[in-house]
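Please read the structure below before turning to the comments.
Residue numbers (my numbering): 50 to 318.
This is the structure:
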């Protein structure tokens, strides 16, 4: 397996420059993973398939879904791509490399675990700041236009928010200067996580049913359907910050009530 991976990587670094791989390659990978993982939830919602797993009964209109896709393409090409191009010298300065040999799986695992923990910490505080009155009104309210989120709404946000919260995602790699393949794996996992958190469905196979403190769709959907002053649930992937600071109390209370059969807070009109 290692030799296959190294052979494939040898082909990439032979035929493409560091700059092309780190910037254009990263952008293409991001777009592919994001849209391929997010688009199916639009079709699920329109077709009504797996409706029993949908967290809210309300559906988004086709016009609202199309608006989201159009804006996303504008933001991705107008904000994300330029940021990737401009950040390349920084990552190179911090030690990012694309040459062989590939890093060991132990190093990759430890670095990505560090990225998740650090990202959760930075994202939590940045997200809470965005829920202050002025910033919510002028910036974060764009993301909350969709009270019933679907996968692609995960990256639907004001350009200022894209830059502000995007720092939480890149600060870990910027500190450690990883191999490019580690950066790519981190990006793929982060995209899949945030798409799942916004998908609007809670399946029996959802990771939150198996991994302690993993937020997932049910946790984040609660954040979207409440008023900004009362929502809580500010965490990104893992929920330890909300637990420490008590900003998930409303959500946990709802889960307790559901557990004893008082009401059905899982379906919202």
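Backbone N, C-alpha and C fix where the C-beta goes; we use that ideal spot for every residue, glycine too.
The C-beta distance from residue 175 to residue 217 rounds to 6 Å, short enough to meet the 8 Å contact threshold. Under the 8 Å Cβ criterion, the segment 297 to 312 does not count as touching the segment 241 to 261, having fewer than three qualifying pairs. Sequence-distant partners of residue 68 (beyond 5 residues in either direction) whose C-beta falls short of 8 Å from its own C-beta, in its chain, are 137.
In the assembly as shown, residue 236 is a buried residue. Its beta-carbon has 16 or more other beta-carbons within 10 Å.
Given a length threshold of 3 residues, the segment 176 to 245 has no whole run of the beta strand (DSSP E) inside it. Counting the other CB atoms within 10 Å of its CB gives residue 103 a total of 16 or more, which places it among the buried residues.
The segment 139 to 153 makes no contact with the segment 239 to 255, as fewer than three CB pairs between them are under 8 Å. By the neighbour-count definition (other C-beta atoms within 10 Å, threshold 16), residue 272 is a buried residue. Residue range 298 to 308 is occupied by the alpha helix (DSSP H) that includes residue 302. Ranked by Cα distance from residue 64, the first of 243, 294, 148 is 148.
Along the length of the segment 125 to 171, whole beta strand (DSSP E) runs at least 3 residues long do not occur. If you compare the alpha carbons of 182, 295, 178 with that of residue 214, the shortest gap goes to 178. In the three-state reduction of the DSSP assignment, residue 102 falls in the helix class, which pools H, G and I. Just measuring C-alpha positions, the residue of 296, 302, 73 sitting nearest residue 132 is 73. Proximity of the segment 178 to 192 to the segment 96 to 113 falls short of the contact definition, fewer than three beta-carbon pairs being nearer than 8 Å. A residue is called buried when at least 16 other Cβ atoms come within 10 angstroms of its Cβ; residue 210 meets this threshold and is buried. Proximity of the segment 220 to 236 to the segment 283 to 302 falls short of the contact definition, fewer than three beta-carbon pairs being nearer than 8 Å. Residue burial is scored here from C-beta neighbours: residue 195 has at least 16 other C-beta atoms within 10 angstroms and is therefore classed as buried.
With 16 or more other CB atoms across the displayed protein chains lying within 10 angstroms of its CB, residue 86 is buried. For residue 88, the enclosing alpha helix (DSSP H) covers residues 75 to 96. Residue 65 sits in coil when the DSSP states are folded into three classes, being neither helix nor strand.
When the alpha-carbon of residue 276 is set against those of 302, 208, 193, the nearest one is in 193. Of 279, 243, 92, the smallest CA-CA separation from residue 267 is found for 243. In the structure shown, the three-state DSSP call for residue 294 is helix.
Between residue 201 and residue 70, the C-beta gap is not smaller than 8 Å, which leaves the two residues out of contact.
Nearest to residue 154 by C-alpha distance, out of 227, 122, 124, 281, is 227. Comparing C-alpha distances from residue 150 to each of 180, 205, 52 shows the shortest one belongs to 52.
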